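Shown next, in structure tokens, is the structure this report addresses.
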Amino acid sequence: MAGEEEEMPQSPFGPLLAEVARMRRGNLNAAIQDVDSIIDLLTAARDQVAGDGDAHKIIAMTTLQNPVKGRLEALTNNLKNVTKAQKNFGKALDRALPLRELPMETDAMADQAALINRAITMHLLREGEFSVAATLMREEQEQRERKKMPAPSASHRPSRTDGDGDDEMDRYDEDEGDDDNKANNGDADADDDDDDDDDDDDEDAGAAVNQPDQYFGGLRSEDLQDKFSEMYHILAQLQEHNLVPAIEWARSNNHELQAKGSNLEFELCKLQFVWLFKGPTINGLPDDENNGQLGALTYARHNFSRFQARHVQEIQQLSCAMVYASNLDDSPYRHIFQIASAFDEVSTSFTRDFCSLLGLSAESPLYVAVTAGAIALPRLIKYTTYMKEKKTEWTTENELAFETPLPASMIYHPIFVCPVSKEQTTEQNPPMMLPCGHVLCCESLHNIAAKGARYKCPYCPTEGHLRDAIKITL
């Protein structure tokens, strides 16, 4: 086992993470303190020189040299340490992520800039970066308009001169003119560059207001932003151990959540019961009749009745746990009241169900695609390099010569291999279930019934017609 552990390849990101930690430690706090000390020394010397006689002025200036020199040397050393940490991080980054050629000569996404921008915008909205998403959409629209607008002819270009009599400032004047035109046309997001306050106001608003409508899953970008703003507000409350906003949201969307088989509302109410049961010394809530064991019992009477059909056993366990309130740690129900990670778990469930109601996945597709690509690219690069050296080619178009080592969380599509042709089924060649229950791919089924509509199952004596086969989805 020890030999096997020694042969395990080390991650290239290990040294990089060490350099990141070293760079974080090498901040400018010490340098700032040195500068403040120099300023204090100079200020004190100035006051002394201004108030004393000539003899004392010379002494003050003489005694000032060594302390200032020492502080300047310390400042230089601190700056050197920070610069050294930054350089070492850059070298570690180059070693961990070397510049390599892409395994394909053609860029498959070169003509899909709109889809890439859409994925980035969606990711920014999901992460709560609303102002950045608004800026990206605005710049994309401006770039699209510039491509449509023909460039002005040089012969029709108006002559403008600045104070020197030349037109060296034309480029800057044109930029300002473009901004003014945008402002005059009612573009609320395109502020004049001279007005920094307006830019700050737009950025603080953090909204994609007056942006060109973009639709994500049937929702406009503004509507989607409002939804995610609500989600992040509720998540922030969950981090503060405030379950009320999440419970209200789950209650207002109760029918949709039940249709998807979600237990989110009950899990939130259950956690609220446990949180109240802990009492004011733990939950920090007011010490009144709505808190503690009495408050938990009152809450259960008002809220658990509608969950009895599906969660009666869990409700009974919560009720019986009150008998062991004085010795809960030694009771059979102690695991219910161990909530160290309960708020994180319910936050994850809330995020998943919230995105599900919007028709979105729980994780950002851009994050999944980039992560899967980072996992798959090293093997693909190694494979293509080997194939170039051997001057051979992979002749199968629909599959790779190796398996991509993706984690189970990134495998979304089931894989069915036809027992006859030994090929994986695809959308063009889906799996078909025969009346006897055996499953073949569509092409194999048609090959078996090549001479007519009837066929015999290759694994049992059953015969049937092609019309009896059913396309299945795994």
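Quick note: to get the working numbering, add 1028 to the position in the sequence shown (first position is 1). For every residue, glycine included, the Cβ atom is placed at its ideal position computed from N, Cα and C. A quick note: this is a predicted structure, and the numbers were derived from the prediction, not measured.
Quick check on K1450: does DSSP put it in helix, strand or coil? As a working note, residue 1450 is residue 422 in the sequence shown. K1450: coil per DSSP, three-state reduction.
Backbone CA spacing between C1469 and L1494 [nearest angstrom]: Counting from 1 along the sequence shown, the entry for residue 1469 is found at position 441. Counting from 1 along the sequence shown, the entry for residue 1494 is found at position 466. For C1469 and L1494, the distance between alpha carbons rounds to 12 Å.
Does the beta-carbon distance from L1473 to Y1487 come in below 8 Å? For the purposes of this step, residue 1473 is taken as residue 445 along the sequence shown, with counting starting at 1. For the purposes of this step, residue 1487 is taken as residue 459 along the sequence shown, with counting starting at 1. Going by C-beta atoms, L1473 is not nearer than 8 Å to Y1487.
For the beta strand (DSSP E) that contains K1484, what are its first and last residues? For the purposes of this step, residue 1484 is taken as the residue at position 456 of the sequence shown. Boundaries of the beta strand (DSSP E) around K1484: R1482 to K1484.
Per DSSP, M1461 forms a beta bridge with which residues? Counting from 1 along the sequence shown, the entry for residue 1461 is found at position 433. Answer is V1467 and I1498, bridged to M1461.
Please report the distance separating the alpha-carbon of K1450 from that of K1499. Position 422 of the sequence shown, counting from 1, holds the residue named residue 1450. Position 471 of the sequence shown, counting from 1, holds the residue named residue 1499. In a straight line, the C-alpha of K1450 is about 18 Å away from that of K1499.
Please tell me whether V1110 and I1066 are closer than 8 Å, where the distance is taken between their beta carbons. Working through the sequence shown from its first residue, we reach residue 1110 at position 82. Working through the sequence shown from its first residue, we reach residue 1066 at position 38. 8 Å or more divides the Cβ of V1110 from the Cβ of I1066.
In terms of alpha-carbon separation, which member of P1442, G1323, R1380 and K1419 lies closest to Y1260? Residue numbering aside, residue 1260 sits at position 232 when the sequence shown is read from its first letter. Ranking the options by Cα distance to Y1260, first place goes to R1380.
To the nearest angstrom, how far is it from the Cα of Q1114 to the Cα of Q1061? The residue given as residue 1114 occupies position 86 in the sequence shown. The residue given as residue 1061 occupies position 33 in the sequence shown. For Q1114 and Q1061, the gap between their C-alpha atoms comes out near 20 Å.
Indicate whether L1322 and F1378 have their beta-carbon atoms separated by less than 8 Å. For the purposes of this step, residue 1322 is identified with residue 294 of the sequence shown, where counting begins at 1. For the purposes of this step, residue 1378 is identified with residue 350 of the sequence shown, where counting begins at 1. Between L1322 and F1378, the gap from beta carbon to beta carbon reaches 8 Å or more.
Are the region 1366-1378 and the region 1285-1303 touching, with three or more C-beta to C-beta distances below 8 Å? Touching, yes, given that three or more Cβ pairs across the two stretches are closer than 8 Å.
6 Å CB neighbourhood of H1151 in its chain, flanking five on each side removed: Here residue 1151 corresponds to residue number 123 of the sequence shown, with the count starting at 1. Same-chain partners within the cutoff: S1392 and L1394.
Measure the alpha-carbon distance for R1334 versus I1364 and round it to whole angstroms. Start at 1 with the first residue of the sequence shown, and residue 1334 comes out as number 306. Start at 1 with the first residue of the sequence shown, and residue 1364 comes out as number 336. Annotation: R1334 to I1364 spans about 21 Å, alpha carbon to alpha carbon.
Report yes if the C-beta distance between L1266 and A1278 is below 8 Å; otherwise report no. Working through the sequence shown from its first residue, we reach residue 1266 at position 238. Working through the sequence shown from its first residue, we reach residue 1278 at position 250. Not in contact: L1266 and A1278 (Cβ atoms no closer than 8 Å).
Would you list, in sequence order, the uninterrupted beta strand (DSSP E) runs of no fewer than 3 residues that lie entirely inside the region 1382-1422? The qualifying runs do not exist here; there are none.
For H1493, which of helix, strand or coil comes out of DSSP? Counting from one through the sequence shown, the residue named residue 1493 turns up at place 465. H1493 falls in the strand class under three-state DSSP.
Can you give me the start and stop residues for the alpha helix (DSSP H) that H1363 sits inside? The residue you call residue 1363 lines up with position 335 of the sequence shown. No alpha helix (DSSP H) contains H1363, which DSSP labels as neither H nor E.
Below 8 Å between beta carbons: does that hold for A1324 and L1304? Position 296 of the sequence shown, counting from 1, holds the residue named residue 1324. Position 276 of the sequence shown, counting from 1, holds the residue named residue 1304. In contact: A1324 and L1304 (Cβ atoms closer than 8 Å).
Completely contained beta strand (DSSP E) runs for the region 1249-1294, where each covers 3 or more residues: DSSP assignment within the region 1249-1294 yields no whole beta strand (DSSP E) run of 3 residues or more.
Rounded Cβ spacing between A1078 and L1092 (contact assumed at less than 8 Å): Mapped onto the sequence shown, residue 1078 falls at position 50. Mapped onto the sequence shown, residue 1092 falls at position 64. Under the criterion of beta carbons closer than 8 Å, A1078 and L1092 do not qualify as touching, at roughly 14 Å.
Which one of G1480, N1475, A1481 and A1497 has the shortest CA to CA distance from P1459? Counting from 1 along the sequence shown, the entry for residue 1459 is found at position 431. Nearest to P1459 by C-alpha distance, out of G1480, N1475, A1481 and A1497, is A1497.
Which full runs of the beta strand (DSSP E) of 3+ residues lie inside the region 1040-1105, going along the chain? Runs found: none.
Hey, could you find the ends of the alpha helix (DSSP H) R1337 is sitting in? For the purposes of this step, residue 1337 is identified with residue 309 of the sequence shown, where counting begins at 1. Per the sequence shown, the amino acid found at residue 1337 is Ala instead of Arg. For A1337, the uninterrupted alpha helix (DSSP H) segment begins and ends at Q1336 to A1349.
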